[in-house]
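K.L.:
Chains as they are written, first to last, in the working numbering: chain A, 2 to 389; chain B, 16 to 278. From the three backbone atoms N, C-alpha and C, an ideal C-beta is built for every residue, glycine too.
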Amino acid sequence: MWQQREADQLHVIDEPTLAATGQDGLTVVTPKGDWTAAFARELEALVGARTAAPTSPPARIDMKGVGRLDTYGAWLIVRLARVLGSPGAPADIADIPEHFSALMAEMGATNRTPVEQPPRTNVLTDGLAAVGRSVADLARESLVFTNMLGAVCLSLLGVVLRPRQFRLISAVHHIDRVAWQAVPIVLLITFLIGGIVAQQGFFHFRKFGADEYVVDMVGILVLRELGVLIVAIMVAGRSGSSYTAELGSMKMREEIDALRTMGIDPVNVLLLPRILALVIGLPLLTFLGSMAALYGGGLVAWLYGGMSPEIFIARLKDAISVTHFKVGMIKAPFMALAIGVVACVEGLKVQGSAESLGLQTTNSVVKSIFLVILLDGLFAIFFASIGM
Amino acid sequence: MTGQGEQLAIRAEDLVVGFGARLVLDRLSLEVRRGEVLGLVGGSGSGKSVLLRSIIGLLPKRAGRIEVMGVDLDRVPDRERRAVERRWGILFQQGALFSSLSALENVAFPMREHLRLSDRLRSEVALAKLEMVGLSVADANKLPAELSGGMVKRVALARALALDPDIVFLDEPTSGLDPIAAGDFDDLIKTLQQTLGLTVFMVTHDLDSLASVCDRVAALAGGKVIAVGPLAEVMAVEHPWIEAYFKGKRGRALGRAVLHMGT
Ligand SMILES: Nc1ncnc2c1ncn2[C@@H]1O[C@H](COP(=O)(O)OP(=O)(O)OP(=O)(O)O)[C@@H](O)[C@H]1O
Ligand SMILES: [Mg+2]
Chain A
2 MWQQREADQL
12 HVIDEPTLAA
22 TGQDGLTVVT
32 PKGDWTAAFA
42 RELEALVGAR
52 TAAPTSPPAR
62 IDMKGVGRLD
72 TYGAWLIVRL
82 ARVLGSPGAP
92 ADIADIPEHF
102 SALMAEMGAT
112 NRTPVEQPPR
122 TNVLTDGLAA
132 VGRSVADLAR
142 ESLVFTNMLG
152 AVCLSLLGVV
162 LRPRQFRLIS
172 AVHHIDRVAW
182 QAVPIVLLIT
192 FLIGGIVAQQ
202 GFFHFRKFGA
212 DEYVVDMVGI
222 LVLRELGVLI
232 VAIMVAGRSG
242 SSYTAELGSM
252 KMREEIDALR
262 TMGIDPVNVL
272 LLPRILALVI
282 GLPLLTFLGS
292 MAALYGGGLV
302 AWLYGGMSPE
312 IFIARLKDAI
322 SVTHFKVGMI
332 KAPFMALAIG
342 VVACVEGLKV
352 QGSAESLGLQ
362 TTNSVVKSIF
372 LVILLDGLFA
382 IFFASIGM
Chain B
16 MTGQGEQLAI
26 RAEDLVVGFG
36 ARLVLDRLSL
46 EVRRGEVLGL
56 VGGSGSGKSV
66 LLRSIIGLLP
76 KRAGRIEVMG
86 VDLDRVPDRE
96 RRAVERRWGI
106 LFQQGALFSS
116 LSALENVAFP
126 MREHLRLSDR
136 LRSEVALAKL
146 EMVGLSVADA
156 NKLPAELSGG
166 MVKRVALARA
176 LALDPDIVFL
186 DEPTSGLDPI
196 AAGDFDDLIK
206 TLQQTLGLTV
216 FMVTHDLDSL
226 ASVCDRVAAL
236 AGGKVIAVGP
246 LAEVMAVEHP
256 WIEAYFKGKR
266 GRALGRAVLH
276 MGT
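1) Please compile the residues from chain B whose C-beta is within a distance smaller than 7 Å of the C-beta of A:D71.
2) Report the neighbours of B:P245 on chain A: residues whose CB is nearer than 8 Å to its CB, in chain order.
3) With 8 Å as the threshold, decide whether the Cβ of A:M2 is near any Cβ in chain B.
4) Judging by CA-CA distance, which residue of A:V145, A:S291, A:L358 is the nearest neighbour of A:E390?
5) Run the CB neighbour count on A:W181, radius 10 Å, all protein chains shown included, and call it buried at 16 or more, exposed below.
6) Checking contacts by CB at 8 Å: is B:E46 closer than that to chain A?
7) Check for me: the alpha helix (DSSP H) holding A:W76 runs from which residue to which?
8) Residues of chain A with CB closer than 7 Å to the CB of B:E128, please, in chain order.
9) For ligand 1, any of its heavy atoms closer than 7 Å to the Cβ of B:Q281?
10) For A:R83, which residues from the same chain have a beta carbon less than 6 Å from its beta carbon, with the 5 sequence-adjacent residues on both sides left out?
11) Determine whether the Cβ of B:L136 lies closer than 8 Å to any Cβ atom of chain A.
12) So which residues on chain B does A:V280 lean against when the C-beta distance must stay under 7 Å?
13) For A:R83 and chain B, any beta-carbon pair shorter than 8 Å?
14) Could you tell me which chain B residues have their CB closer than 9 Å to the CB of A:L104, listed as they occur along the chain?
15) Taking only the alpha-carbon atoms, compute the straight-line gap between A:R165 and A:G159 and give it to the nearest angstrom.
16) So with CB distances below 9 Å, who are the chain A contacts of B:P159?
17) Ignore the nearest five residues each way along the sequence and tell me which others in B:S114's own chain have a CB closer than 8 Å to its CB.
18) What does DSSP give as the partner residues of B:W103 in its beta bridges?
19) Using CA coordinates, which residue listed in B:V52, B:K63, B:W103 is at the minimum distance from B:K239?
20) My output table needs one value for A:F167: the three-state DSSP class, helix, strand or coil.
21) In whole angstroms, what separates the C-alpha of A:Y296 from that of A:V328?
22) Against A:N112, what residues of chain B qualify as contacts under a CB-to-CB distance less than 8 Å, listed in chain order?
23) From B:F261 to A:H100, what distance separates their C-alpha atoms?
24) Which residues have their C-beta within less than 5 Å of a heavy atom of ligand 3, listed in chain order?
25) Is it right to say A:P17 is buried, meaning 16 or more other beta carbons lie within 10 angstroms of its own, or is it exposed?
26) Could you check whether the Cβ of B:L53 sits closer than 8 Å to any Cβ belonging to chain A?
27) Compare the C-alpha of A:G196 against each of A:A211, A:K208, A:V216 and name the closest.
28) Any heavy atom of ligand 2 closer than 7 Å to the CB of B:D29?
29) Might you give, ordered along the chain, the residues of its own chain that have their beta carbon closer than 6 Å to the beta carbon of B:E46, omitting 5 neighbours on each side?
30) What residues of chain A sit near B:S133, judged by a beta carbon separation below 7 Å?
31) Give me the residue from A:G299, A:I321, A:N364, A:L286 with the minimum Cα distance to A:A333.
32) Are three or more beta carbon pairs between the stretch 48-56 of chain B and the stretch 92-105 of chain B nearer than 8 Å?
33) Given a threshold of 16 other Cβ atoms within 10 Å of its Cβ, counted over all protein chains shown, does B:D154 qualify as buried or as exposed?
34) Quick check on this structure: which residue in A:G66, A:G86, A:A140 has the alpha carbon closest to the alpha carbon of A:D96?
35) Is the beta carbon of B:D186 within less than 7 Å of some heavy atom of ligand 2?
36) DSSP on B:R288, reduced to helix/strand/coil?
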């Protein structure tokens with residue numbers, strides 16, 4: 002063993018060769034030199050050329066001259082033997098040096114059946130199939146969504162009947178994460194949005210001398226739509242994605258199965274506290290966000306529009322009513338529910354791979370933002386028809 | 016021409032590794048010779064995985080020196096470091112397969128990165144490696160999440176062997192394998208060691224592996240190597256942990272077998 006390694010180190014690089022000679026009806030193929038991965042390209046070419054040249058079987062491979070061998074070279078020799086022989090009876094490999102014999106035996110036992118390749122498909126039919134599948138998926142997905150909504154409601158009912166089952170600490174922890182820790186960024190963004198809307202208002206309304214209506218626009222837009230929408234989209238991106246990633250990696254490591262086998266309902270322990278935290282947190286954030294947006298609007302009105310804060314506040318009082326405020330706030334918990342349920346559904350869909358975790362997280366954010374906007378539209382129709 | 020350093024595959028000297036206030040390895044020294052199979056034993060939590068991870072440079076050390084193939088990895092430029100890294104293969108305790116690649120692609124991955132091979136040769140050799148570790152063609156296209164625990168171990172071993180490395184680090188390779196598979200695995204390691212001159216650094220609790228493939232055994236306790244040498248010698252060392260380990264209910268049978276082999 003030892004000496005051999007030593008010899009290996011002294012061994013200078015020895016280009017591999019492959020010669021063939023005919024001896025009374027028998028083709029003798031003699032590989033020589035280093036049959037190692039470093040020469041893989043050359044070796045493949047040598048073996049390929051030998052295979053292409055028509056040899057009349059029977060053939061024999063004489064390995065006496067092989068200086069170094071690793072699994073790559075060994076496999077190529079085995080491959081050559083199989084090609085030179087007839088199916089089921091590879092050509093003889095003779096004179097295998099003692100210390101290579103075990104490796105040659107190992108390699109000789111491999112690759113007897115090729116890996117099956119996925120069947121080739123037609124681009125057109127594939128495309129059509131994908132369209133069909135996504136329609137079917139849409140139906141299935143709304144079913145899964147409804148199912149999860151039902152499970153969460155059931156779990157909520159259970160908690161109402163037996164309040165001791167509620168995971169209060171977990172819920173508080175999640176409220177801290179999704180609401181309290183989100184306050185600074187939500188305030189900042191809504192403040193900026195309020196300011197931008199006001200600035201645009203002044204810039205364009207001034208042409209018609211309608212400066213004063215900027216306050217109406219900012220007030221109504223922020224309270225009814227912008228406040229809740231911006232905050233919901235931010236929460237979907239910030240908390241929905243983290244719910245999906247958390248639940249997904251728990252699913253990957255079988256933590257959720259472990260909970261189930263202990264007779265604990267994952268909906269109760271993992272999902273309900275998270276979703277409730279969103280349902281409580283999002284209205285609070287919406288309120289704070291709307292106030293910050295109005296503040297931003299007022300500040301811009303003062304600094305850019307030249308409207309003093311007193312006038313701004315007085316106009317605001319005339320322009321808005323509690324109804325506008327209510328319209329915004331009523332939407333918030335429903336959007337929170339949609340975000341939470343989508344995040345949980347997507348998290349539980351994660352399969353074993355890291356790629357699927359990323360995919361579901363993206364899906365979760367995209368779908369929950371879509372649902373938030375869809376809900377907003379439905380609410381707009383609803384409020385219009387009841388005259389709010 | 017070959018000095019002491021040349022003959023050693025791994026040399027760790029006065030190695031200190033710890034987390035926070037706790038020292039896991041405390042001035043540990045260990046040498047692994049080229050071409051040998053060294054088995055590392057120690058209680059659960061004694062720091063075997065930590066030692067393995069510090070040798071391959073995944074954990075920072077507080078003091079000491081580590082040389083692999085005569086190269087001190089802390090003191091060489093990146094290029095040389097990478098050259099050494101190409102010459103080792105690692106089997107992590109949990110497999111650490113790439114979850115979005117199939118078993119075959121996992122094995123082919125290091126080949127794709129480091130060798131110039133045609134697609135055909137790469138997939139053939141990758142399949143050959145999978146078959147060498149006892150997987151069937153039917154499993155080659157499965158994703159890691161679809162493999163059983165023992166199959167994950169085997170794919171991880173095949174990946175560790177993908178580049179025909181000079182050293183392989185194996186962290187509990189036979190745990191999770193059935194006894195027949197574990198025996199096959201031992202044979203495979205022996206074959207590769209003999210044909211490719213492989214050096215094997217193996218953490219194992221498998222007493223049969225220790226007896227059948229390991230040339231030497233090192234025992235780790237209290238952050239130090241308390242004994243190193245052929246299994247029979249290590250078993251004879253008087254140390255409470257060694258006595259408990261080898262003379263426990265399971266160890267006794269092995270003891271008889273080893274003595275039997277000796278006579
Ligand atoms: N990243 C880490 N941070 C803190 N402590 C760690 C870390 N990794 C390991 N340890 C501690 O180091 C000690 C040794 O751990 P190690 O994983 O090496 O054990 P082991 O000997 O491999 O055990 P086993 O046979 O169970 O695998 C343990 O006490 C462990 O808690
Ligand atoms: Mg370990």
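P.N.:
On the basis of the data shown:
1) Within the first sequence, numbered from 1, the residue matching residue 71 of chain A stands at position 70. Within 7 Å Cβ-Cβ: D179, L211.
2) The residue given as residue 245 of chain B occupies position 230 in the second sequence. What B:P245 touches in chain A: nothing, since even the nearest Cβ is about 15 Å away.
3) In the first sequence, counting from the first residue as 1, residue 2 of chain A sits at position 1. Note that A:M2 scores a pLDDT of 40, beneath 50, so its modelled location is shaky and nothing firm can be said.
4) Absent from the model: residue 390 of chain A. The displayed extent of chain A is 2 to 389, so no value can be given.
5) Taking the first residue of the first sequence as position 1, residue 181 of chain A is located at position 180. Classification of A:W181: exposed, given that the 10 Å Cβ count is below 16.
6) Counting from one through the second sequence, the residue named residue 46 of chain B turns up at place 31. No, no contact with chain A.
7) Within the first sequence, residue 76 of chain A is the residue found at index 75, counting from 1. Unbroken alpha helix (DSSP H) run through A:W76: 72-85.
8) Sequence index remark: in the second sequence, residue 128 of chain B carries index 113 (1-based). Going along chain A, no residue has its Cβ under 7 Å from B:E128, so there is no contact; the nearest lies around 13 Å.
9) The question about residue 281 of chain B has no answer, for chain B in this structure spans 16 to 278.
10) Along the first sequence, one-based indexing puts residue 83 of chain A at 82. Once the five neighbours on either side are set aside, the close Cβ partners of A:R83 are P91.
11) Numbered from its first residue, the second sequence carries residue 136 of chain B at position 121. It does: the Cβ of B:L136 has a partner Cβ on chain A nearer than 8 Å.
12) In the first sequence, counting from the first residue as 1, residue 280 of chain A sits at position 279. Near A:V280 there are no residues of chain B at all, since even the closest Cβ is about 33 Å away, more than 7 Å.
13) Walking along the first sequence from the start, residue 83 of chain A turns up at place 82. So no, A:R83 is outside the interface.
14) Taking the first sequence and counting its residues from 1, one reaches residue 104 of chain A at position 103. Residues of chain B passing the Cβ test: T206, L207, Q209, T210, L211.
15) In the first sequence, counting from the first residue as 1, residue 165 of chain A sits at position 164. In the first sequence, counting from the first residue as 1, residue 159 of chain A sits at position 158. Each residue's Cα considered, the two are about 10 Å apart.
16) Within the second sequence, numbered from 1, the residue matching residue 159 of chain B stands at position 144. The answer, in chain order, is G353, S354.
17) Taking the first residue of the second sequence as position 1, residue 114 of chain B is located at position 99. Excluding residues within five positions, the ones whose Cβ falls inside 8 Å are L158, P159, A160.
18) Translated into positions along the second sequence, residue 103 of chain B becomes position 88. According to DSSP, B:W103 bridges with B:I182.
19) Against the second sequence, residue 239 of chain B aligns to sequence position 224. Taking only the C-alpha atoms, the option nearest B:K239 is B:K63.
20) Counted from its first residue, the first sequence places residue 167 of chain A at position 166. Of the three classes helix, strand and coil, the one that applies to A:F167 here is coil, per DSSP.
21) Along the first sequence, one-based indexing puts residue 296 of chain A at 295. Along the first sequence, one-based indexing puts residue 328 of chain A at 327. When rounded, the distance between both Cα atoms is 20 Å.
22) Translated into the one-based positions of the first sequence, residue 112 of chain A becomes position 111. Going along chain B in sequence order, the residues near A:N112 (Cβ under 8 Å) are E139, L142, A143, E146.
23) Within the second sequence, residue 261 of chain B is the residue found at index 246, counting from 1. Within the first sequence, residue 100 of chain A is the residue found at index 99, counting from 1. In this structure, the straight-line span from the alpha carbon of B:F261 to that of A:H100 is close to 34 Å.
24) Of the ligands this structure carries, namely ligand 1 and ligand 2, none is ligand 3.
25) Against the first sequence, residue 17 of chain A aligns to sequence position 16. In the assembly as shown, A:P17 is a buried residue. Its beta-carbon has 16 or more other beta-carbons within 10 Å.
26) Within the second sequence, residue 53 of chain B is the residue found at index 38, counting from 1. Output row for B:L53: interface = no.
27) Residue numbering aside, residue 196 of chain A sits at position 195 when the first sequence is read from its first letter. For the residues A:A211, A:K208, A:V216, the minimum Cα distance to A:G196 belongs to A:V216.
28) If you number the second sequence from 1, residue 29 of chain B lands on position 14. It does not: the Cβ of B:D29 is nowhere closer than 7 Å to a heavy atom of ligand 2.
29) What you label residue 46 of chain B is simply residue 31 of the second sequence in a count that begins at 1. So the list reads L23, R26, once near-sequence residues are dropped.
30) As a working mapping, residue 133 of chain B is identified with position 118 in the second sequence. For B:S133, the neighbours in chain A by C-beta distance under 7 Å run, in chain order, E45.
31) Within the first sequence, residue 333 of chain A is the residue found at index 332, counting from 1. Checked all of A:G299, A:I321, A:N364, A:L286; the closest Cα to A:A333 is A:L286.
32) no
33) In the second sequence, counting from the first residue as 1, residue 154 of chain B sits at position 139. Counting Cβ neighbours within 10 Å, B:D154 comes out buried, since at least 16 surround it.
34) On the first sequence, position 95 is the one that residue 96 of chain A refers to. Cα-wise, what sits closest to A:D96 is A:G66.
35) Position 171 of the second sequence, counted from the start, is the residue given in the question as residue 186 of chain B. Because some heavy atom of ligand 2 lies under 7 Å away, the Cβ of B:D186 counts as near it: yes.
36) What is shown of chain B runs 16 to 278, which leaves residue 288 of chain B out entirely.
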